[in-house]
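K.L.:
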């Protein structure tokens with residue numbers, strides 16, 4: 002029996018040795034695989050650095066935007082009622098309750114609809130590819146039609162409508178609403194890239210957390226759905242698919258405005274300049290001969306404000322009673338010639354107004370006229386056309402000689418169009434307005 006015992010021990014030793022050898026080989030194999038994976042990841046990382054931001058098809062499709070659709074005139078968030086229609090009919094669901102509408106049938110949801118008892122109401126077309134018409138809304142294009150899905154929230158004020166759709170679908174509704182579809186193809190591409198970049202930044206948080214919505218469809222964010230989709234604007238979105246503006250490896254908030262005075266300004270105009278906004282530099286929007294927008298109506302303008310009108314506006318808009326105005330001066334100019342501070346003095350005191358947006362608000366209102374350089378005269382508006390102006394007192398009036406329309410920060414839409422007419426492509430245009438950026 003001793004030889005059996007001896008044989009058993011030899012077998013155990015052999016098995017132990019084989020086990021150790023197997024573990025050793027497995028360890029070597031794992032290390033080799035890790036090294037291969039490390040090398041592969043290293044290569045991918047370098048490749049990603051070159052192509053970051055283009056996005057795979059899935060990434061582009063999975064990028065979701067949730068938009069609050071405001072009432073007529075973008076006045077309010079809650080609607081007294083909401084009516085919907087789709088060519089192939091609608092599917093309406095809340096919890097386990099499902100309704101369906103017939104093709105072309107209008108479905109109206111009121112705040113007291115019984116389906117709200119089971120939660121929010123979800124609406125989608127029965128036929129893939131159908132658009133949802135919100136028949137109780139009136140936009141610049143008439144009754145607006147929306148891609149994607151609709152979610153309804155019940156509130157004390159009424160029904161809140163949230164449109165959920167992909168980023169690229171969202172841009173189909175933004176680009177024609179923010180820039181005329183008749184503009185040059187390269188300018189429309191500029192608008193598409195800017196709108197995509199801006200929207201991407203907004204989707205990193207919720208502008209309306211109570212509805213899990215990123216933005217609304219008004220000028221508070223980007224105008225969406227006010228103009229119907231057009232072939233030219235859809236093409237601009239498709240041809241720049243996924244492309245965004247990057248600065249220091251971050252997507253930028255691509256601000257834009259209507260018309261420049263030949264120069265743009267920086268975030269100093271808003272009082273919030275920072276290294277992260279280094280892409281917003283003052284730029285000259287001109288070629289070797291002249292400013293690109295020199296022939297456009299808003300390139301130069303003049304506002305003549307009677308003293309009594311200015312007094313009323315300043316007292317109302319700044320909520321400071323300075324009495325009858327006796328003087329007004331620009332006490333600080335920023336990059337590009339933008340007014341960053343004004344001081345208005347009256348019989349009872351003075352008021353200082355800082356930043357571009359507050360200055361334009363303080364000098365906005367009814368009671369005076371503005372003449373564009375083409376001779377067109379319009380009534381004053383809620384905001385001064387821009388903060389690029391000088392001021393003089395003449396015969397009982399304060400005369401503002403200004404230029405441009407909008408805040409003057411980032412991309413000038415009309416400037417982009419004029420540059421495109423001169424043969425500039427969208428990449429050249431974008432890198433003129435935004436400093437040290439990449440498009441990818």
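In the numbering used here, the protein residues as written are 2 to 441. Glycine included, C-beta positions come from ideal geometry on N, C-alpha and C.
If you reduce the DSSP assignment to three classes, tell me which class residue 253 lands in.
P.N.:
coil
K.L.:
Is there contact between the region 200 to 207 and the region 176 to 183, where contact requires at least three CB pairs shorter than 8 Å?
P.N.:
no
K.L.:
Expressed to the nearest angstrom, what Euclidean distance is found between the alpha-carbon atoms of residue 243 and residue 428?
P.N.:
14 Å
K.L.:
Do the region 345 to 358 and the region 308 to 326 meet, that is, are 3 or more Cβ pairs less than 8 Å apart?
P.N.:
yes
K.L.:
If you reduce the DSSP assignment to three classes, tell me which class residue 144 lands in.
P.N.:
coil
K.L.:
Quick check: the Cα distance between residue 431 and residue 313, rounded to an integer number of angstroms?
P.N.:
41 Å
K.L.:
Work out the CA separation of residue 255 and residue 327 for me, nearest whole Å.
P.N.:
About 40 Å.
K.L.:
From the DSSP output, in three-state form, read off residue 200 for me.
P.N.:
Reduced to three states, the DSSP call for residue 200 is helix.
K.L.:
Per DSSP, which one or two residues make a beta bridge with residue 95?
P.N.:
Among the bridge pairs identified by DSSP, residue 95 is matched with 98.
K.L.:
Under three-state DSSP, which class holds residue 155?
P.N.:
strand
K.L.:
Flag this pair as yes or no: are the beta carbons of residue 124 and residue 91 separated by less than 8 Å?
P.N.:
yes
K.L.:
Let me check understanding here. Comparing Cα to Cα, which of 231, 98 and 375 lies closest to residue 444?
P.N.:
The structure shown does not extend to residue 444, since the chain spans only 2 to 441, so no value can be given for it.
K.L.:
For residue 359, would you say it is in contact with chain C, using Cβ-to-Cβ distances shorter than 8 Å as the test?
P.N.:
The structure shown has no chain C; it contains just one protein chain.
K.L.:
With a cut-off of 8 Å on the beta carbons, I'd call residue 84 and residue 109 a contact; round off their distance for me.
P.N.:
4 Å
K.L.:
Go to residue 239, then tell me how far its alpha helix (DSSP H) extends in each direction, as first and last residue.
P.N.:
232 to 240
K.L.:
Going by C-alpha to C-alpha distance, which of 141, 135 and 285 sits closest to residue 147?
P.N.:
It is 135.
K.L.:
I'd like to know whether the C-beta atoms of residue 138 and residue 70 end up nearer to each other than 8 Å.
P.N.:
Less than 8 Å divides the Cβ of residue 138 from the Cβ of residue 70.
K.L.:
Label residue 423 either buried or exposed according to how many other C-beta atoms from any shown protein chain fall within 10 Å of its C-beta, with 16 as the threshold for buried.
P.N.:
Result: exposed.
K.L.:
Quick one: which unbroken alpha helix (DSSP H) runs of 4-plus residues sit fully inside the region 315 to 391? Chain order, please.
P.N.:
357 to 363
K.L.:
Can you confirm whether the region 257 to 265 touches the region 290 to 306 when touching is taken to mean that 3 or more C-beta pairs between the two stretches lie within less than 8 Å?
P.N.:
yes
K.L.:
Ordered along the chain, which non-local residues of its own chain (more than five positions away) have a Cβ less than 6 Å from that of residue 317?
P.N.:
none
K.L.:
What separation, rounded to the nearest whole angstrom, lies between the Cα atoms of residue 309 and residue 367?
P.N.:
If you draw a straight line from the Cα of residue 309 to the Cα of residue 367, it is about 12 Å long.
K.L.:
For residue 418, collect the residues of the same chain with a Cβ closer than 7 Å to its Cβ; drop the 5 residues on either side in sequence, then sort them by chain order.
P.N.:
184, 185 and 188
K.L.:
Looking at the structure shown, is residue 180 part of a helix, part of a strand, or coil, going by DSSP?
P.N.:
coil
K.L.:
Using DSSP with H/G/I as helix, E/B as strand and the rest coil, what is residue 435?
P.N.:
Residue state, collapsed to three classes: coil.
K.L.:
Among the candidates 141, 101, 97 and 140, whose CA atom is the shortest distance from the CA of residue 87?
P.N.:
101
K.L.:
Please confirm whether residue 391 and residue 352 have their CB atoms less than 8 Å apart.
P.N.:
no
K.L.:
Quick one: is residue 143 buried, meaning 16 or more other Cβ sit within 10 Å of its Cβ, or exposed?
P.N.:
exposed
K.L.:
From residue 339 to residue 389, what distance separates their C-alpha atoms?
P.N.:
4 Å
K.L.:
Between residue 404 and residue 303, which are expected to be in contact by the criterion C-beta below 8 Å, what is the C-beta distance as a whole number of angstroms?
P.N.:
Not quite, the Cβ-Cβ distance comes to about 10 Å (not below 8 Å), so this is no contact.
K.L.:
Assign residue 227 to one of three DSSP states: helix, strand, or coil.
P.N.:
coil
K.L.:
Going by C-alpha distance, which of 150, 202, 279 and 334 is nearest residue 248?
P.N.:
279
K.L.:
Given residue 343, which residues of its chain have a CB within under 6 Å of its CB, disregarding the five upstream and five downstream residues?
P.N.:
331, 354 and 360
K.L.:
In whole angstroms, what is the alpha-carbon distance linking residue 369 and residue 307?
P.N.:
7 Å
K.L.:
Specify the secondary structure class of residue 285 as computed by DSSP and reduced to three states.
P.N.:
Residue state, collapsed to three classes: strand.
K.L.:
So, for residue 269: in the same chain, excluding its five sequence neighbours on each side, which residues have a beta-carbon less than 8 Å away from its beta-carbon?
P.N.:
335, 336 and 341
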